[in-house]
Every structure is written in structure tokens, then in C-alpha cells.
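Under full-length UniProt numbering, the first residue of the sequence shown is numbered 1, with each subsequent residue one higher. The structure under discussion appears below in the form of C-alpha cells.
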Amino acid sequence: MVTSQGRPQTSGPAGLARRQVLAAGAAMLLHPGAARAAHHDLLTIASKAGEVVLSRADLEALPQHSFVTTTIWTAEALTFSGPSLQAVLAAAGIVTGKVELIAINDYRVVINVTELGAEAPILATRLNGQPFSRRQKGPLWLVYPYDSDPAFQNEIVYARSIWQIVRIQSMPE
1 MVTSQGRPQT SGPAGLARRQ VLAAGAAMLL HPGAARAAHH DLLTIASKAG
51 EVVLSRADLE ALPQHSFVTT TIWTAEALTF SGPSLQAVLA AAGIVTGKVE
101 LIAINDYRVV INVTELGAEA PILATRLNGQ PFSRRQKGPL WLVYPYDSDP
151 AFQNEIVYAR SIWQIVRIQS MPE
């Protein structure tokens with residue numbers, strides 16, 4: 001709103017809203033982490049070196065892999081796309097040891113980094129070409145190409161196929 005003198009109103013509801021917007025903008029400039037959070041951080045990776053927080057854009061900037069496979073949790077074959085877990089961990093400086101993947105519901109799996117391939121499993125960020133929601137087991141799901149090899153069709157692999165992943169942490173060696 002504008003006063004009768006043509007200046008922006010600085011009191012009342014309109015002035016308060018303006019000040020709040022300006023304060024929020026200044027806070028984002030002073031604290032880039034706050035601005036980054038607005039871009040939907042998806043995954044925190046913790047290691048001895050510290051924490052790395054990745055957004056969808058960060059994950060999609062890594063080399064992408066796609067495959068069509070059925071799962072024991074879905075009714076039909078689906079196309080899963082995303083970076084390999086190996087590439088995600090390497091980007092965070094984790095190339096040896098074991099990692100624990102943690103879902104939003106606190107389900108946890110431990111995987112030895114040496115068991116990861118360059119192309120599988122992937123940290124799926126897309127389902128049939130589209131980002132997917134928590135209701136669809138997203139936005140991050142560790143998926144193996146189950147149909148491509150009988151080695152991916154066992155209880156150990158199925159138990160590791162964690163969805164709704166929010167955190168990965170390296171385990172002490």
C-alpha cells in the first residue's frame with residue numbers, strides 16, 4: 001500500500017508483510033543454507049568429513065542410469081532413473097567401508113560400498129520419467145534391475161531396496 005504522500009506504507013498489515021518479506025530475503029542472502037532448503041533438499045549424506053546435503057538438481061547432475069524392471073512391490077514393469085548409489089557416495093567422498101541408508105520412517109539398511117556397481121543399484125529419482133512422491137515410494141528409492149539378473153532376486157536385495165530415503169551415513173570402520 002502507498003500513503004497519501006506516495007510513500008510505501010510501513011505500518012499496519014501491508015507494511016508488516018513487506019518487512020517480513022525483506023527480512024526473509026536478507027536472511028537467505030546471509031544464510032545460503034536457508035535458500036537451499038527452499039529448493040527441496042532430498043538427501044543428507046554424513047561421513048567423517050561432515051555432512052553433504054543434496055537437492056534433486058544435485059542428484060540429477062550426476063550420470064544417470066535407467067532401466068525397466070518389475071518389482072515385488074508394484075503391479076507392472078516400471079522405468080526407474082537416477083544416479084548409481086556408487087556415484088552418489090563417491091560425490092560425497094565415500095568410496096570404501098559400509099553405509100547405512102535411512103528412510104523417513106527410520107527403516108535402515110547397511111550396504112558394503114564394495115558391493116555397489118557403477119550402474120546398479122540406482123538411487124531412483126524418477127519413475128516412468130517423472131519425479132515421484134512419497135505415496136509412490138519416493139522421492140528416492142534404492143532400486144536394482146531385478147529382472148536383469150537372478151542375483152538381484154533374493155531376500156537380501158529386496159530388503160536393501162529401501163524407499164523414501166532421507167539420509168545416508170558412513171559407518172565407522
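Note that CB positions come from ideal geometry on N, CA and C, so glycine has one too.
Check: So is residue 126 buried or exposed if we call it buried at 16+ other beta carbons inside 10 Å?
Finding: Result: buried.
Next item on the list: State whether the stretch 126 to 143 contacts the stretch 157 to 170, with contact taken as three or more CB pairs (one from each stretch) at a distance under 8 angstroms.
Entry: Output reads yes: the stretch 157 to 170 touches the stretch 126 to 143.
Note to self: Give me the residue from 131, 153, 93 and 44 with the minimum Cα distance to residue 60.
What the structure shows: The shortest C-alpha separation from residue 60 is found at 131.
Check: If you follow the beta strand (DSSP E) that residue 100 is part of, which residue opens it and which one closes it?
Finding: 98 to 103 is the extent of the beta strand (DSSP E) around residue 100.
Check: Going by alpha carbons, who is nearest to residue 152 out of 71, 49 and 167?
Finding: For residue 152, the nearest C-alpha among the options comes from 71.
Next item on the list: Compare the C-alpha of residue 104 against each of 120, 68 and 44 and name the closest.
Entry: When 120, 68 and 44 are compared, the shortest CA-CA separation from residue 104 is found for 44.
Next item on the list: Could you give the DSSP three-state label for residue 132: helix, strand or coil?
Entry: Residue state for residue 132 is assigned as coil, using DSSP reduced to three classes.
Next item on the list: Check the DSSP bridge columns for residue 169 and list the partner residues they point to.
Entry: Residue 169 pairs with 46 and 100.
Check: Is residue 186 near residue 121, with beta carbons less than 8 angstroms apart?
Finding: This structure gives no information on residue 186, because the portion of the chain shown stretches from 1 to 173.
Notebook entry, point to check: Which full runs of the alpha helix (DSSP H) of 4+ residues lie inside the stretch 61 to 86, going along the chain?
Noted result: Listed in chain order, the alpha helix (DSSP H) runs fully inside the stretch 61 to 86 amount to none, counting runs of at least 4 residues.
Next item on the list: Would you kindly work out how many angstroms separate the C-alpha atoms of residue 94 and residue 158, rounded to a whole number?
Entry: One alpha carbon belongs to residue 94, the other to residue 158, and they sit about 23 angstroms apart.
Check: Just to confirm, does residue 44 get its C-beta within under 7 angstroms of one of the non-hydrogen atoms of the ligand NAD?
Finding: Looking for the ligand NAD in the displayed structure turns up nothing, as the structure carries no ligands at all.
Item checked: Pick from 106, 147 and 89 that is closest to residue 48, judged by C-alpha positions -> In this structure, 89 is the residue among 106, 147 and 89 with its C-alpha nearest to the C-alpha of residue 48.
Check: Tell me which same chain residues have a C-beta within less than 7 angstroms of the C-beta of residue 155, skipping the five on either side of it?
Finding: Cβ neighbours of residue 155 within its own chain (closer than 7 angstroms, five residues either side excluded): none.
Notebook entry, point to check: To the nearest angstrom, how far is it from the Cα of residue 84 to the Cα of residue 99?
Noted result: When rounded, the separation of the alpha-carbon atoms in residue 84 and residue 99 is 14 angstroms.
Margin query: Run through the DSSP bridge pairs and tell me what residue 55 is partnered with.
Written below: DSSP links residue 55 through a beta bridge to 41.
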